[in-house]
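Chains as they are written, first to last, in the working numbering: chain B, 1 to 239; chain G, 1001 to 1239; chain C, 2001 to 2239; chain X, 3001 to 3239; chain P, 4001 to 4239; chain A, 5001 to 5239.
Protein chains: 6
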Amino acid sequence: MTGTFFQPVSGFDLPRFAGVPTFMRLPHVPPGHARFDDVQIGLIGVPWDSGTTNRPGPRHGPRQLRDASTMMRAQHAVSGMRPFEAARCADLGDVGPNPADIEDSMARITSLYIQVGDAGSVPLTAGGDHLSSLPVLRAAAKSGPVGMIHFDSHTDLFHSYFGGMMYTHGTPFRRAVEEGLLDPKRVVQIGIRGTMYDTEDRDFAAAEGIRLILIEEFFARGVEDVMAEARETAGIGPT
Amino acid sequence: MTGTFFQPVSGFDLPRFAGVPTFMRLPHVPPGHARFDDVQIGLIGVPWDSGTTNRPGPRHGPRQLRDASTMMRAQHAVSGMRPFEAARCADLGDVGPNPADIEDSMARITSLYIQVGDAGSVPLTAGGDHLSSLPVLRAAAKSGPVGMIHFDSHTDLFHSYFGGMMYTHGTPFRRAVEEGLLDPKRVVQIGIRGTMYDTEDRDFAAAEGIRLILIEEFFARGVEDVMAEARETAGIGPT
Amino acid sequence: MTGTFFQPVSGFDLPRFAGVPTFMRLPHVPPGHARFDDVQIGLIGVPWDSGTTNRPGPRHGPRQLRDASTMMRAQHAVSGMRPFEAARCADLGDVGPNPADIEDSMARITSLYIQVGDAGSVPLTAGGDHLSSLPVLRAAAKSGPVGMIHFDSHTDLFHSYFGGMMYTHGTPFRRAVEEGLLDPKRVVQIGIRGTMYDTEDRDFAAAEGIRLILIEEFFARGVEDVMAEARETAGIGPT
Amino acid sequence: MTGTFFQPVSGFDLPRFAGVPTFMRLPHVPPGHARFDDVQIGLIGVPWDSGTTNRPGPRHGPRQLRDASTMMRAQHAVSGMRPFEAARCADLGDVGPNPADIEDSMARITSLYIQVGDAGSVPLTAGGDHLSSLPVLRAAAKSGPVGMIHFDSHTDLFHSYFGGMMYTHGTPFRRAVEEGLLDPKRVVQIGIRGTMYDTEDRDFAAAEGIRLILIEEFFARGVEDVMAEARETAGIGPT
Amino acid sequence: MTGTFFQPVSGFDLPRFAGVPTFMRLPHVPPGHARFDDVQIGLIGVPWDSGTTNRPGPRHGPRQLRDASTMMRAQHAVSGMRPFEAARCADLGDVGPNPADIEDSMARITSLYIQVGDAGSVPLTAGGDHLSSLPVLRAAAKSGPVGMIHFDSHTDLFHSYFGGMMYTHGTPFRRAVEEGLLDPKRVVQIGIRGTMYDTEDRDFAAAEGIRLILIEEFFARGVEDVMAEARETAGIGPT
Amino acid sequence: MTGTFFQPVSGFDLPRFAGVPTFMRLPHVPPGHARFDDVQIGLIGVPWDSGTTNRPGPRHGPRQLRDASTMMRAQHAVSGMRPFEAARCADLGDVGPNPADIEDSMARITSLYIQVGDAGSVPLTAGGDHLSSLPVLRAAAKSGPVGMIHFDSHTDLFHSYFGGMMYTHGTPFRRAVEEGLLDPKRVVQIGIRGTMYDTEDRDFAAAEGIRLILIEEFFARGVEDVMAEARETAGIGPT
């Protein structure tokens, strides 16, 4: 039982276009709120895109996702699961990034995720560009390296851009392996595709033992088979 | 033979962007027109969205569909069928709804469809939100309950919204069963999917004998098999 | 002094694209909140457009205005006024309308505005279509007819649409005069312009003593002169 | 008296988004229609942009203008004029252009305008790019050169483009003077502005006696003064 | 070896949004450039849409494709091929069309393609509407008819539009066969689908021996099988 | 005389939508080009927005401005000036910024502007966000502080954002004064308006002797009078 406080507002009661928009119409429970420690799954916005090397804009992602997520309903059509009754979920608000300072922003993100973890919540992130993963992993790996099941078209395992820039949206998992946040033997990257700069990222993956599953292999083997391997590789450890 | 009056204007003769746009570039034959009684299939616009509980806009649908339908050509690529030679088709114009009064609008819609039916035409509707189906069914079921093969992601079988509102885009087929317009034993709903409020609509379907075919079942069985069942269920009676 | 609780979040502290968006980044203080009775100016969303006779969409207005209003800063450039220090302002949330029932929606709106007035707050409304003004006036005129200074291109003084529909976005002030909510002698409508159906609305204004100032007169006389007359006409009484 | 046949559909009777869209919601009276000879002002679409040397798209103009013109009402706000009672107006439909052949399209346009003129109607054109003016002038000047009051930012008096192309959106009035359709002494071009290729067009205007009024002169002298000169220059003769 | 001159600018060195955009960030080597004769594959823009019978706009295609193509990277993900090392590629610029004269534009296009062919380059075209193919084929077939593997939903084999217009986006391959540019026995058209005017184009294909593969056949047989047939049909001869 | 090399491509010769787009259709003369030292006015793109604290996107500005500037013609309508004959103008290309590193990007920008200045060219910049001005001023003030006439709605004189971030789009001229790049006594800022955070920037301007002209003063005095003062204040020294 979760009580009514953590239930999303139903579209039967309030039209979806009405109300201050929170993630999935859940209560807004930022750090400091009386119910903060009761949250089991905390949705967090990371409105930050300073690591992008091409088109910016993901900084506006969390607000747009809050708006779009007012379309959610309470029950899954096939499984019948009612997730908001299974766990106390809430919108924990956004990290306040510093759009002009990458290091400062990463410190702010890591700090919030440690606070959320200490309160016993599992965080779910709405980004933000892919570099967001690095400060989140720094919090997640506080007690040791973690595994990862990663769905993407790119590996994000490059060394650097523009003559030495280490922190970009194409480098977070390289940094995470180097910093000992990820255990490469327990990392699976699924769906890799698209044109390539060169093989630098794949060479690194091969050397470290990261398992890449190209989209062609994924389509050939099917969801069931690939996910069984992914679960086995990740073993006992979080994403 | 249909004569040239009921032939759509060809893109070989008049560019598609030219001319006052009617449905499929067919002649505009509103009630009162000299050829009204000769129409075999009448296309009708229902520019009405007062039943929507979320995003409005379908009231602009018929005008946009008229514009888009100027892309139609005369012959189907695979079957070779030439529908405009098989039946006399025309654009009968729009129902004039009352956007601020649901009851009045439904009465106007039902009234036009009865007039069209009395003239011997089969109507094809361009909506409009899903509540449009209710006044159309009221006309269609003038002489008794009808069957229905319905393709949608939602059942539209809910009881009410916002504390008792009976006429919305989520409730038309519940009303249609209650009013005796639909024979639930001869109703098939195909493609049901998406997140759910709760099981209220499915419970109603089960109790009344309405057959729901979820999208998962549809993909598993294929078009041929599902449509064979649908035709058998609907039996002898219209959609 | 207003304390820090009622201060908007500054763009110096949190980027404008971050955070759950409230009106002008003010605190969200819905009815029932501990600080509700301390609010002096309450911003209220009325996400409702059921009275529109043409293009719908204003129901999405309050959410878009919340997003856009995150651009506000604390001080006026010329007068140097700092409004958020002059009064305790807050976002009171939205009225929950019933998009498919005009009477029910108006009752809900009037009810919230009476509650806000009873708490001692001055409400500021973000609509919604123009019919929203009628239920707001019903609350405002609880103790007797009020005056009004109205800036618009239309008078919204028509009798009815579509053969008798009394509640639309073109009729609210006609209803307000008939219901005794507005004192027509203390009503000024400024900026009236555009093509006209006929003179029915202007005839009504003339008969009741409502003062219309066409946009041509406004440009000829200037802001100062017109506003002096408007203030004198409205006398002592609210808009 | 014009009778009800030529009255536009009112927004009080049918919502503006409903109905097959004609210019200003007037009746559709194409050549061959029983009432064609009764039309006093005929609105004609020329969906044609083959003369444009840069961005195409005006071919879609008439359809978009029909849609937008459903916003028109019956009476002018200041003058009180009711134009649809002063003259029998109708939508005569579109010229069917040949988008891939300039000469053929011009012949089609001129032919329709002669037919309309012979029926006693005054045509109003919704284009279309500026080259449309040339075939229209060919019809208008059937009995001798005409005057013109032209509002535009460009003179459209150039000789040719792309090494000799005589028929483009920048050359129609040069051709019209050369063909004896325009009497240059009775032509006024008002509002000329923007960057220039060179002075070729202005030299031509000066040599032929065409009066150019730059936007700077227009703002300095005001509407009344400029229009008085324009009327005097054009004298007795049509635009 | 191609040297660095013909290498595209890497996104590791210069962000994709920076720099004057050329096709795939290749060097701009127009006719007359010192390296023009060294180009092995030349990308050419044909910003021309005068043959379109419906929506214009493809004239803006080459510029938009240059912008979009800055996303290209150096290596194919599955095959590992690095095309820019396999051949010297360059952006040869655009043909300067005459948007108001179809014959003149076709002459300009053919002339450039002959010049490119004489320099030993293989041209790749970014259109432009489908009529662009005709002047390109006139250059390609300088020494005799060629074969063609064509992927499209339409055959573009019609005779004419609008009462005799021979050069439109629906007629280029009819003209190409008539002019002896295409050897119909070595032409395959793959993916044909959509509604049809009539069977005129298919009758012509059948009479000439052109092989049409409808999209239904394509899906039923699969890529491998269809392409094997296409290669066999085209035999030894270019597209 | 400037010769034909530095003349923009005319819209009479090549349609505006054709060709690789450079600023104003001028030749592309990047550093290293044989004619680089002959350029008198060099247009430079700074595709960089890392200093923005709200909406990103100006990084795409130079490419969009190149596209839009293909609309330019050769002569000014009123003055008759032909700027491209008065000076040899060229597109020098873009600075290659490092979107993830502010310091590195500023060093790259300053370096290019020093190179351009050393070659004797006057640079014209297409940004980019307002922080771009700081590295440009660092190059411009190589030999001593400069004056500035600045048209903007904001002063960009703030100290810092987000708890100490010194380099943002709101702080460049504060830094420029502190670094001795601007002589505050010779700086005029014209058009200041909009809501304010507080008076920190205006207090700084007053203390340093920077002249602010609010938009209200600008409208009251007129262009002539304000510009006379601005020229007198800036005295002999560049913007």
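Virtual Cβ for every residue (Gly too), placed ideally from N, Cα, C.
Measuring CB to CB, does residue i end up less than 8 angstroms from residue j?
i: TYR2113 (chain C); j: GLY3011 (chain X); result: no
i: VAL39 (chain B); j: ALA90 (chain B); result: yes
i: ASP3129 (chain X); j: GLY3051 (chain X); result: yes
i: HIS5154 (chain A); j: GLY5194 (chain A); result: yes
i: ASP5152 (chain A); j: THR5171 (chain A); result: no
i: ASP4201 (chain P); j: PHE4158 (chain P); result: yes
i: GLY4042 (chain P); j: VAL4116 (chain P); result: yes
i: PRO1213 (chain G); j: VAL1226 (chain G); result: The question names Pro, yet the displayed sequence has Ile at residue 1213 (chain G). Taking 8 angstroms as the Cβ cut-off, ILE1213 (chain G) and VAL1226 (chain G) qualify as a contacting pair.
i: GLU1216 (chain G); j: VAL78 (chain B); result: yes
Please report how far the alpha carbon of residue i lies from the alpha carbon of residue j, in whole angstroms.
i: SER5132 (chain A); j: PHE5219 (chain A); result: 29 angstroms
i: GLY61 (chain B); j: ARG2063 (chain C); result: 16 angstroms
i: PRO5097 (chain A); j: ARG55 (chain B); result: 14 angstroms
i: ILE2210 (chain C); j: GLN2189 (chain C); result: 8 angstroms
i: MET2001 (chain C); j: GLY2180 (chain C); result: Here the model assigns MET2001 (chain C) a pLDDT of 42, short of 50, so the residue's position is not dependable, and the following value carries that caveat. Cα to Cα, MET2001 (chain C) sits roughly 39 angstroms from GLY2180 (chain C).
i: MET946 (chain G); j: GLU1229 (chain G); result: Examination of residue 946 (chain G) is not possible in this model, given that chain G is present from 1001 through 1239 alone.
i: LEU124 (chain B); j: GLY5164 (chain A); result: 30 angstroms
i: THR326 (chain B); j: ARG5059 (chain A); result: This structure cannot settle anything about residue 326 (chain B), because the visible part of chain B is limited to 1 through 239.
i: HIS5150 (chain A); j: GLU5232 (chain A); result: 14 angstroms
i: ALA5074 (chain A); j: MET5081 (chain A); result: 9 angstroms
i: ARG3108 (chain X); j: PRO3099 (chain X); result: 12 angstroms
i: HIS1076 (chain G); j: GLY4127 (chain P); result: 29 angstroms
i: ILE3044 (chain X); j: PHE3036 (chain X); result: 13 angstroms
Among the options, which has the Cα closest to the Cα of residue i?
i: VAL248 (chain B); options: C:ARG2231, C:PRO2015, C:ARG2055 and C:GLY2235; result: An answer regarding residue 248 (chain B) cannot be provided, because it is not within the stretch 1 to 239 covered by chain B.
i: ALA5207 (chain A); options: A:VAL5187, A:ALA5230, A:ARG5221 and A:GLU5224; result: A:VAL5187
i: PHE5017 (chain A); options: P:ASP4183, P:ASP4094, P:GLN4007 and P:GLY4235; result: P:ASP4094
i: LEU4134 (chain P); options: P:PRO4031, P:ASP4049, P:ALA4234 and P:VAL4009; result: P:ASP4049
i: LYS142 (chain B); options: B:ASP118, B:GLY127, B:ALA126 and B:SER160; result: B:ASP118
i: ALA3234 (chain X); options: X:PRO3184, X:SER3160 and X:ILE3192; result: X:PRO3184
i: GLY3144 (chain X); options: X:SER3111, X:LEU3182 and X:TYR3167; result: X:LEU3182
On the DSSP letters alone, give me the boundaries of the beta strand (DSSP E) that residue i sits inside.
i: PHE3151 (chain X); result: 3146 to 3151
i: LEU182 (chain B); result: 182 to 192
i: ILE1044 (chain G); result: 1041 to 1045
i: PRO5172 (chain A); result: It is not in any beta strand (DSSP E) - PRO5172 (chain A) instead sits in the alpha helix (DSSP H) that spans 5172 to 5178.
i: ARG2211 (chain C); result: 2211 to 2214
i: ASP4091 (chain P); result: 4089 to 4094
i: VAL2248 (chain C); result: The structure shown does not extend to residue 2248 (chain C), since chain C is modelled only from 2001 to 2239, so the question has no answer here.
How would you write the range of the alpha helix (DSSP H) that residue i sits in, first residue to last?
i: PRO3062 (chain X); result: 3061 to 3068
i: PRO3992 (chain P); result: It is not possible to answer for residue 3992 (chain P), since the shown part of chain P is limited to 4001 through 4239.
i: VAL2122 (chain C); result: Segment 2122 to 2126 is the beta strand (DSSP E) holding VAL2122 (chain C); no alpha helix (DSSP H) there.
i: GLN3075 (chain X); result: Unbroken run through GLN3075 (chain X): none, as it is neither H nor E.
Does at least one heavy atom of the ligand GTP sit under 7 angstroms from the Cβ of residue i?
i: SER69 (chain B); result: Of ligands this structure carries none, so the ligand GTP is not represented either.
**Asked** Is the number of C-beta pairs between the segment 7 to 27 of chain B and the segment 50 to 69 of chain B that are closer than 8 angstroms three or more?
**Response** yes
**Prompt:** Pairing CB atoms from the segment 2080 to 2096 of chain C with CB atoms from the segment 2026 to 2033 of chain C, are three or more of them under 8 angstroms?
**Reply:** yes
**Inter-stretch contact (C-beta, 8 angstroms, three-pair minimum) for the segment 4136 to 4154 of chain P and the segment 4170 to 4181 of chain P** = yes
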